[in-house]
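Down below is the structure, laid out as C-alpha cells.
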Amino acid sequence: MNHPRRLLAGVAVLALAASATVVTVRVRQGDSPPRSSAAAVVPTSTPGQLTAADELARKQAVDAVLARRASAVLKGDLKGFMASVDPKQAALVARQQLLFTNLRKFGLASLSYFTADKFDPGPGLIEKFGPTTFSTRVMMRYRIGGLDPKPAQTDLGYTFVRRGSAWILVDDVQTDSLLSHDGHRQPWDFEEVALVRRGPVVVVVDQKEAALGTKVADVAQAAVASVRRHWKRPWNGAVLVVAMPDTQVMSTIWTSGNGAGWTIAAKAVTLFQGEQLGKPLGPPIGSRIVVNPDLRKRLDKDLLVHEMTHVATATLGTRAPIWMVEGLAEYVRCRAIEDDPHWTVDPYRKTVKTKYLPKLKGLPDQALFDTNADAAYGTSWWTVEYLAHKLGEKKLATLYTALATTGFSEPTLAKYTGLTRTQLAAAVKTFKG
Ligand SMILES: [Zn+2]
9 MNHPRRLLAG VAVLALAASA TVVTVRVRQG DSPPRSSAAA VVPTSTPGQL
59 TAADELARKQ AVDAVLARRA SAVLKGDLKG FMASVDPKQA ALVARQQLLF
109 TNLRKFGLAS LSYFTADKFD PGPGLIEKFG PTTFSTRVMM RYRIGGLDPK
159 PAQTDLGYTF VRRGSAWILV DDVQTDSLLS HDGHRQPWDF EEVALVRRGP
209 VVVVVDQKEA ALGTKVADVA QAAVASVRRH WKRPWNGAVL VVAMPDTQVM
259 STIWTSGNGA GWTIAAKAVT LFQGEQLGKP LGPPIGSRIV VNPDLRKRLD
309 KDLLVHEMTH VATATLGTRA PIWMVEGLAE YVRCRAIEDD PHWTVDPYRK
359 TVKTKYLPKL KGLPDQALFD TNADAAYGTS WWTVEYLAHK LGEKKLATLY
409 TALATTGFSE PTLAKYTGLT RTQLAAAVKT FKG
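Note that our numbering numbers the sequence shown so that position 356 is 364, with each residue one more than the last.
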C-alpha cells in the first residue's frame, strides 16, 4: 500500500494553503463533513491532529465497518467479517477467524458494534502502522438467543488504519489494558469453545473439553431445579455457565477474605443493561456464572446452587442488604443439600450455633463479610433460616423482592415480619432451627 506516502503529500499541500482555517470556516457554515473522500482523514497540521469534522467522518467510516462486521456474524458470512482485517498479519487473522467461529456458536439474536472513546494508540502502533493509525474503544452490544432477555454490553480495543478508501483492522490486543475489567475477556475471546445447551441452561467450555460441558450442564440443570424448589418466585432458569480453563475469561479473582483467604468455586456476575467500562448502569438484566478454572472438573451441584440463587434473584434489583443476599443463597444451598435424605448440613448448623451466634451483635454487615467471611455467611444463612421458619418460603421471597427493589428500611422490615432490625437480630441469635 502506498497510501502513507500519498497522505504525507496531502499534508504538505494543505499546509501551504493554510487550509486548517478554511476547514474550520466550512464547518461553522454548516457544511456536512466529507464522508468518503480522502480529505476526510488528512491531518491538518501535524499527523493525528484532526478537525472535529475529520474525526466525525472517521468515526462514521469506522462505525460503518463495524456494522458490516456485526451483520456478517449474524449472517454467517466469514468472508464479509474478514474483509476489514489486515490480511498481512497471520496472528491477527487467526484470532479474528476464531472470534467469528466462536461468536457463531453462541447463536446471537442480536449484535452491534460501535466506536466509543478514542484511545491513544501509543508510539509503537503509530510507528508500525503510520499516521492514519486510529485506536478506539469499541462497544459490543449483543444478546445471546434463548438466554439474554435484553442485550448486554462489553468493550474491545481496536486499531484501524486507512488504506486507499477503506479502514482496515490492524490490531485487536495492544490497547486491551485500557479496557474495562472484562473487556476483550469474554468466553469467545480465547480458545475455540464448545457450547452445551440444556433447556434454558447454556454451558460454555473449551472445545477440547466438550465432555466436561455435558457434565457441567447436568450439574447446572440440577442446581436450577433446586433453586426453583426453594425460591418461590417465577424464574426461567436461563443462565450462561462459563467453565473454561483460562483464568483470564471474565477476569475474575478467585480468592476472598483477608490473608490467604479462601478459594471461591464459582461466581455469579450480574450484567447491567447500560453497563459501560465495567460500571453498573441501568437495571440488572441477567447474570453469568463463571466457574473457577481450577475447580471446573470437580464442580458439584451444591457449589452451583448458591450462585444460581444469585442469578435467580439478580434482576429484582441490587438494593437488598448483604445478609439477605448471601443468606438466601446459603439457605437455598443448605435446603438443596438436605432435600436428599442421605445428606445433612448438621456440622455447619452446629458451627453457626456454637461458634458464631454467641458473638452476633446485629445483622451481618459488609464489615463482618470483610473481616470474618465464615461467620458472616453462617449468620446470614441463619437469619434467612429464621425468616423462612417464621414466614414460609413464599413470604420470604416477597420480603426479598421488597428489599431488593427499595432497599432496607425499618418500615419495610416491619411490614413483612412485624419486627425491628434489633428484634430480628435477637430472634436469630436464639433461634434453634
Ligand atoms: Zn454469594
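Cβ coordinates follow ideal geometry from the N, Cα and C atoms, glycine included.
- Distance from Val319 to Ala276 at the Cβ level is roughly 5 Å; contact confirmed, criterion being Cβ atoms closer than 8 Å.
- Secondary-structure assignment with DSSP links Pro292 through a beta bridge to Phe280.
- Distances from the CB of Ala337 to the heavy atoms of ligand 1 include at least one below 6 Å.
- Closest option to His238, judged by alpha-carbon separation, among Val353, Leu64, Ala344 and Ala381: Ala344.
- In this model, Leu289 and Phe280 are separated by some 6 Å (Cα to Cα).
- Note on geometry: alpha-carbon atoms of Phe108 and Phe89 lie some 8 Å from one another.
- Within the chosen limit of 6 Å, ligand 1 does not reach the beta carbon of Glu401 with any heavy atom.
- For Lys275, the pairing in a beta bridge is given by DSSP as Val298.
- Residue pairing by DSSP puts Gln161 in a beta bridge opposite Arg149.
- Look at the segment 104 to 141 and you find these whole runs of alpha helix (DSSP H), each 4 residues long or longer: 130 to 137.
- Non-local beta-carbon contacts of Leu311 in its own chain, meaning distances under 8 Å to residues more than five positions away in sequence, involve Ala273, Ala274 and Leu303 in chain order.
- Here Glu315 is not near Tyr385, since their CB atoms are 7 Å or more apart.
- In the three-state scheme derived from DSSP, where H, G and I count as helix and E and B as strand, Ser388 is classed as helix.
- Contact annotation, Asp163 with Arg145: C-beta distance approximately 5 Å; criterion of less than 8 Å satisfied.
- Scanning its chain for C-beta atoms nearer than 7 Å, with the 5 sequence neighbours on each side dropped, one finds around Arg77 the residues Phe89, Ser92 and Tyr121, in chain order.
- Within its own chain, the residues whose Cβ lies closer than 7 Å to the Cβ of Arg357, once the five positions on either side in sequence are excluded, are Gly441, listed in chain order.
- Beyond the five residues adjoining it in sequence on each side, Ala218 comes within less than 7 Å, by CB distance, of Ala202 in the same chain, given in chain order.
- The beta carbons of Glu401 and Lys240 sit closer together than 7 Å.
- Residue environment: Asn110 is assigned as buried (16 or more neighbouring CB atoms within 10 Å of its CB, all protein chains considered).
- Here Tyr166 is near Asp180, since their CB atoms are less than 7 Å apart.
- Counting every other CB atom within 10 Å of its CB across the protein chains shown gives Asn300 a total of 16 or more, marking it as buried.
- Val210 has Arg205 and Leu248 as its beta-bridge partners, per DSSP.
- At a threshold of 6 Å, Glu217 does not count as near ligand 1, since its beta carbon sits no closer than that to any of the ligand's heavy atoms.
- If you ignore the 5 residues before and after Thr255, its C-beta comes within less than 6 Å of the C-beta of Pro301, all in its own chain and listed in chain order.
- Taking all protein chains shown into account, His192 has 16 or more neighbouring C-beta atoms within 10 Å of its C-beta and is therefore buried.
- Remark: C-beta atoms of Met258 and Val213 do not approach each other more closely than 7 Å.
- In this structure, Glu393 has its beta carbon at no less than 6 Å from each heavy atom of ligand 1.
- Within the same chain, and ignoring the five residues on either side of Trp243 in sequence, the residues whose Cβ sits closer than 6 Å to its Cβ are Ala320.
- Cβ-Cβ separation between Tyr150 and Leu119: approximately 5 Å, consistent with a contact (criterion under 8 Å).
- In this structure, Glu334 has its beta carbon less than 6 Å from a heavy atom of ligand 1.
- Per DSSP, the unbroken alpha helix (DSSP H) holding Ala72 starts and ends at Ala60 to Lys83.
- Taking the Cα positions, Val235 is about 6 Å away from Val313.
- DSSP places Trp351 outside both helix and strand once states are collapsed to three, so it counts as coil.
- With contacts defined as CB atoms closer than 7 Å, Gly245 and Pro208 qualify as a contacting pair.
- The three-state secondary structure of Trp175, taken from DSSP, is strand.
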